[in-house]
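Okay, so here's the structure we're looking at.
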Amino acid sequence: MPSRSHSSSSTSKDSNRDSSRKSKSRHRRNVRLEEQNNNYRHHYLPFTIPSSFYNIVHVHRFTTIDTISTLINHFESCYRYSIDTESDRFTYELSLIQVHSIPQKLPSFIVLFELHHFPPSDTLLFEKIKLLFRLLFRLGNIIFSWGPMSDELMPAVRMNLFTWPVPALLFNLQDEFYSWYRGALPPCEACGSIQLSTMDTSSKSSRICSKHSPYVNPTDKWSLQNAVFLYC
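At position 187 of the sequence shown the residue is numbered 351 (my numbering), and the sequence of numbers has no breaks.
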């Protein structure tokens, strides 16, 4: 009969393998998206937002307490955010959490939490960073994402940055996108299918039939890049 320690060790190894598999899958997906982004950048005009509309802040071990205090004040009065993650290209581990505040009045804040460059957990700065996450995920807030965040954020939970599940409402826009575009766009006069708005290389607006959509089945998950490219 196997010992409990052996069983526990096997469970731990299985968990680590599963975590590694998910991380590698996430990294491969990010590589594909980056290749797609490069293709779009090469053929189409960039989508730009005036720099006066937002502030970018990097959070790491060298971030000042004054900067963190400014973010805390902003987070205390803001209740809507979008969130995204990035993994390290070599280790496949979660390395960046990007949070974009959606305040009632601009400018917003784009906060880049650099997890691999955080201060020690016994410092005041680390406690202030944890406070930011508590404010971000507090009850009453709405957090928008493109895809489920539970698997993506687990490494941050293991770092004791916050607990899971979070009190805030997590809204996965990717799950809602197909239904939205089916109702938002007019039918194609030629075949009756949905028309998709896109842009050609001369920046003139045009329409394409949904039969040429990059996704065939209603259950296919749209990438954010394709959604923005085809409908904005």
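Where is the CB? At the ideal position from N, CA and C, for every residue including glycine.
Residue i versus residue j: straight-line alpha-carbon distance, rounded
| i | j | result |
| --- | --- | --- |
| Phe-226 | Phe-341 | 39 Å |
| Phe-290 | His-207 | 43 Å |
| Leu-260 | His-224 | 11 Å |
| Gln-432 | Pro-284 | This structure cannot speak to residue 432, because the chain is shown only from 165 to 396. |
| Tyr-256 | Thr-231 | 29 Å |
| Arg-205 | Gln-262 | 21 Å |
| Leu-317 | Ala-332 | 14 Å |
| Asn-390 | Asp-286 | 43 Å |
Sequence-distant residues of its chain with Cβ nearer than 6 Å to residue i (five each side left out)
| i | result |
| --- | --- |
| Leu-388 | Trp-310 |
| Ile-247 | Val-263, Ile-307, Ser-309 |
Close Cβ partners of residue i (< 8 Å) along its chain, the five nearest in sequence each way excluded
| i | result |
| --- | --- |
| Ser-288 | The question names Ser, yet the displayed sequence has Leu at residue 288. Only Ile-229 meet the Cβ criterion. |
Short Cβ contact (9 Å threshold) for residue i with residue j
| i | j | result |
| --- | --- | --- |
| Phe-297 | Phe-335 | no |
| Phe-282 | Ile-293 | yes |
| Leu-276 | Pro-319 | no |
| Phe-308 | Tyr-245 | yes |
| Pro-267 | Ser-241 | yes |
| Ser-251 | Leu-258 | yes |
Best match in the options for proximity to residue i [C-alpha to C-alpha]
| i | options | result |
| --- | --- | --- |
| Leu-295 | Asn-324, Ser-272, Asp-248 | Asn-324 |
| Arg-253 | Glu-198, Leu-317, Pro-331 | Glu-198 |
| His-222 | Ile-213, Leu-235, Asn-203 | Leu-235 |
Secondary structure of residue i, DSSP reduced to three states
| i | result |
| --- | --- |
| Ile-220 | strand |
| Phe-326 | coil |
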